[in-house]
Amino acid sequence: MSGHQWVGAALVGMGVGQTRRAEHAARTGRHVLPASTKIKVLEVYCGSCRVRYDAQTQDQECRVTLPRSA
Ligand SMILES: [Zn+2]
30 MSGHQWVGAA LVGMGVGQTR RAEHAARTGR HVLPASTKIK VLEVYCGSCR VRYDAQTQDQ
90 ECRVTLPRSA
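So the sequence shown is numbered by our numbering: it starts at 30 and just counts up by one.
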């Protein structure tokens, strides 16, 4: 038995107009935030089976079925 792997889908502002952070994030797919930065979490779900976090799913077993690679 294994639990869900919860992840949060979030929005992070990249600035207005030509910004280095936007360019860097688009090019590398990464952006480092200072630890004190607040971000807005849009949704929390299981990264494995994609079930949404709520009172019913938080204690359930993760039923992800990984596709077998040939
Ligand atoms: Zn899961």
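Backbone N, C-alpha and C define an ideal beta-carbon position, used for all residues, glycine too.
These numbers come from a predicted model, not from an experiment.
Distance cut-off 7 angstroms: residue i Cβ against heavy atoms of ligand 1
i          : result
residue 45 : no
residue 80 : yes
residue 93 : yes
residue 65 : no
residue 60 : no
residue 33 : yes
Contact belief for residue i with residue j at Cβ below 8 angstroms, rounded distance in angstroms
i          : j          : result
residue 39 : residue 61 : Not really, about 14 angstroms apart at Cβ, beyond 8 angstroms.
residue 91 : residue 31 : 5 angstroms
residue 53 : residue 86 : Rounded, the Cβ-Cβ distance is 35 angstroms, inconsistent with contact.
Closest Cα partner of residue i within the set the options
i          : options        : result
residue 63 : 89, 74, 41     : 41
residue 78 : 86, 93, 67     : 93
residue 43 : 83, 80, 56     : 56
residue 82 : 89, 73, 88     : 73
residue 59 : 67, 80, 65, 50 : 50
Endpoints, beta strand (DSSP E) assigned at residue i
i          : result
residue 38 : 35 to 40
residue 78 : Looking at the DSSP string, residue 78 is not in any beta strand (DSSP E), and its letter there is neither H nor E.
Residue range of the alpha helix (DSSP H) that includes residue i
i          : result
residue 52 : 49 to 57
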